[in-house]
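Before any comments, here is the structure.
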Ligand code: B12
Ligand code: SF4
């Protein structure tokens, strides 16, 4: 069969004022350029797990109108979904199916809402695809999918062993010149933040890959671009500090720069930070969520991890940055305990720490999360089912201690302050000064 792997690329946001601001603010433009250019690791894994003998192609599209003609000549197209782009993905799927192409959909959104996806896809996959996908491809190709099985559940095929994953098929990216490529070192996260969409589908504990296999994948990525920057597509890389040190020791000889997401506990371990620096870690993205203790208490449901760390977050950021690793501190706007004072408090934190990079997002009720269920029950989702608003930048809930308009206005104000030339200079100058 000719099989296409179709990624919906580009970032999503609808709020017109925010978009207008984003076009002009250097900090925002810089980061979104970087983010636009990452291929879908999930699809590259699926390609690696496709049984041999099929003709494989990777496509990136921004919407229905940009689907390349070649995709319409496939027998089967696999599409990966996030909530924010799912309506566009459904439109693309409808279009392909009208032309006789079979469509398989998987990923976070359809894992939570498979019935919705069945309206648009021939096959819907729930959870990780490494075992279900090859079985389905065989059944479709050999005409043995007799019972017309349309829903394929990862759970029916046993756990995925991340210690022996195939190399993602970076070679399918061919001549597209990606400056950054994703590599995975871990799957999942031991914590359970009530708003987090990442681990709603994994259904398996936090898993770490052997460092040697991560090295193998980076080498494969380097074959596409010897100067590639690696983005670890993890939720929380350095939970296990000893494993993290081993990983870094293995990364040092590769001389490759990298970025990852992790929790603030890395700051407790100077040896780990030194090794990360030697291994060329350029930035850690860390969910600080809010500068005040009240808002953080209770948002992590297992051990109140974020509430417990709140008072030491600023020192922790400083310790990490003093090792020459920049921190991208993420804050969520619209948490239940936040009042309109939070916008100024975030600005103060960012300037005082100071944070090299800052990411602010709006509290987003992603389907399948505890937050979504709670807000729905409380009648606080403004437009339930508006998945296109799950961008992390569009307000679709009623906060407790401010109005949706106050939340929007506060966000505009904060974006303008945080990403202005002046503020960027202050935040970044300190980082470089302390290195000398
Ligand atoms: C790296 C990353 C990005 C990258 C690359 C995205 C990409 N093209 O894949 C960039 C920076 C571009 C990005 C952008 C966005 N992201 Co993002 N991103 C991530 C991150 C950190 C890792 C994703 C990843 O690579 N995982 C590793 C791979 C191996 O796993 P996977 O993709 O889930 O694929 C597996 C299964 O899902 C399944 N599968 C997936 N697709 C299919 C299809 C078929 C047919 C089958 C059989 C199986 C299958 O099999 C795969 C292998 O096991 C996740 C966090 C997370 N844990 O998912 C957030 C995350 C996915 N992102 C999120 C969001 C909101 C976005 C944006 C919408 C933000 C925005 N405003 O634009 C955009 C949307 C991008 C787009 N155009 O669709 C949310 C999505 C929540 C949701 N329910 O929708 C997440 C969960 C972050 C969060 N905690 O909120 N993202
Ligand atoms: S620490 Fe991060 S990845 Fe882990 S559950 Fe919380 S938000 Fe999700």
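Residue numbers (this note's numbering): 5 to 440.
Glycine included, every Cβ here is placed at the ideal spot set by N, Cα and C.
Ranked by how close their Cα comes to the Cα of residue 393, the residues 6, 9, 16, 12 have 16 in first place.
When C-alpha distances from residue 316 are compared across 175, 368, 297, 94, the shortest belongs to 297. About 17 Å separates the CB atoms of residue 232 and residue 254; that is not less than 8 Å, and the two are not in contact. DSSP places residue 222 in the uninterrupted alpha helix (DSSP H) bounded by 215-228. By the neighbour-count definition (other C-beta atoms within 10 Å, threshold 16), residue 356 is an exposed residue. If you check the CB distance, residue 333 and residue 290 come in under 8 Å. Boundaries of the beta strand (DSSP E) harbouring residue 64: 59-65, taken from the DSSP string. Under the three-state reduction of DSSP output, residue 362 falls in the strand class. Taking C-beta separations shorter than 6 Å and ignoring five residues to either side along the sequence, the partners of residue 385 in its chain run 369, 379, 401, following chain order.
Per DSSP, residue 47 is one residue of the alpha helix (DSSP H) stretching across 45-52.
Taken through DSSP and simplified to helix, strand or coil, residue 233 comes out as strand.
Sixteen is the threshold: since fewer than 16 other Cβ atoms of the shown chains lie within 10 Å of the Cβ of residue 436, the residue is exposed. Here the distance from the Cβ of residue 196 to the nearest heavy atom of the ligand SF4 is below 7 Å. For residue 322, no beta strand (DSSP E) segment is defined; the enclosing uninterrupted segment is the alpha helix (DSSP H) at 317-326.
CA-CA distance, residue 324 to residue 285, rounds to 11 Å.
The nearest non-hydrogen atom of the ligand SF4 is 7 Å or more from the C-beta of residue 41.
For residue 95, the closest of 72, 67, 85, 104 by C-alpha to C-alpha distance is 67.
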